[in-house]
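Here the structure comes first, spelled out in structure tokens, and everything after it is commentary.
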Amino acid sequence: MLSRLILVFLFVVQTNSLSVLTDEKSQATKTDGETVLIRKRSNQETPIRMALDRKVNELVQSMAKMKKEMATNSKQLQDAKKEIAALKNENSTFKAEWHVQSNVATFLSVKDTPVGFTAGITSYNSTWQGDILVFPHVITNKGQGYSSSSGKFTAPRDGTYVFTVVVVSYDYKYLTLDIVHDGVSKVGTYSPGSSSRQTGTNLVVLELDRGDAVWVKRSAGQSYYTHPVPYTTFSGFLL
């Protein structure tokens, strides 16, 4: 009986020992498998991580390069703006100089242009009683100040002008004429009717502004005499 108990005890102990060894072996096998799996994953992740690091480094370098280029472009833009501003100022200066030179040239051209006219009447009129005496036959008209249609002289520029009028009366009829400056009579002529032909003449010096007008008007009497080579004339010139 005792021997049987001993046999049973030995069997149980042996069985338990085998179970423990089996469990330890299984656990070791499991741990080894996890280690291998981790190593495999690590080996797979390493190239990916290296590739990502390389991409990140490339992006960082690219951004640094872009920042540098942007800084360079910004400086170039500022320099270009400064050059444009300088060119604008230079252009404004050139324009101002050109206007000054142009005005000076115009002034000198006008200043050196002579102004003077002589106009006459080539046919007599025994009944004329008009207001403005028009001298249609233009002999000289430097500066184009005299109008043969209106009978008025318009000053092309400021200055001192001399005007003279000569009129011959007709057939015992008297005639009185005035030299007029913008509607104001300055001097007059008188041709008496005491004989068939009588001459009246006068001269005046006037200070005119550009655009002022001077003409000859009748103040009294009627008719005038002349000739194809004019006797009755109106003249003026700039001193």
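Be aware that the sequence shown starts at 1, since it is given in the UniProt record's numbering, and climbs by one per residue.
The C-beta atom is built at its ideal place from N, Cα and C for all residues, glycine as well.
From Y224, T199, G193, V214, residue whose alpha carbon lies closest to that of F237: Mapped onto the sequence shown, residue 237 falls at position 237. Taking only the C-alpha atoms, the option nearest F237 is V214.
Next item on the list: Measure from the alpha carbon of P156 to the alpha carbon of each residue in F117, L59, K65, then state which is nearest.
Entry: Position 156 of the sequence shown holds residue 156. Comparing Cα positions, the closest option is F117.
Own chain, CB closer than 6 Å to S148, minus 5 neighbours either side, in chain order
In the sequence shown, the residue the question calls residue 148 occupies position 148. So the qualifying residues of the chain are P136, V138.
Where R49 falls: helix, strand or coil (DSSP): Taking the sequence shown and counting its residues from 1, the one referred to as residue 49 is at position 49. Helix, per DSSP.
>> How far does the beta strand (DSSP E) with L203 in it extend, from its first residue to its last?
In response: Walking along the sequence shown from the start, residue 203 turns up at place 203. Per DSSP, L203 belongs to the beta strand (DSSP E) from 199-208.
Next item on the list: Using three-state DSSP, classify D182 as helix, strand or coil.
Entry: Along the sequence shown, read from residue 1 onward, the residue named residue 182 stands at position 182. Residue state, collapsed to three classes: coil.
Can you tell me whether DSSP reads S62 as helix, strand or coil? Here residue 62 refers to the residue found at position 62 when the sequence shown is read from its first residue. It is helical.
| request: Take V167 as the anchor and find which of G143, T35, R197 has the nearest alpha-carbon. | output: As a first step, residue 167 is located in the sequence shown; it is residue number 167 there, counting from the start. Among G143, T35, R197, the Cα nearest to that of V167 belongs to R197.
Determine whether the beta carbon atoms of I121 and T226 lie at a separation below 9 Å.
To locate residue 121, count along the sequence shown from 1; it is residue 121. To locate residue 226, count along the sequence shown from 1; it is residue 226. It is a contact, given that the beta carbons lie within the stated cut-off.
Q.
Going by the DSSP bridge assignment, what does A213 pair with across the sheet?
A. Walking along the sequence shown from the start, residue 213 turns up at place 213. According to DSSP, A213 bridges with T154.
Please report the distance separating the alpha-carbon of G221 from that of K95. By one-based count along the sequence shown, residue 221 stands at place 221. By one-based count along the sequence shown, residue 95 stands at place 95. Each residue's Cα considered, the two are about 59 Å apart.
Next item on the list: Within its chain, find whatever has a CB closer than 7 Å to the CB of N141; leave out the 5 residues flanking it on each side and keep chain order.
Entry: To locate residue 141, count along the sequence shown from 1; it is residue 141. Excluding residues within five positions, the ones whose Cβ falls inside 7 Å are F117.
Subject >> Cα-Cα separation, K68 to S74 >> reply: Mapped onto the sequence shown, residue 68 falls at position 68. Mapped onto the sequence shown, residue 74 falls at position 74. Spanning the two alpha carbons is a distance of roughly 10 Å.
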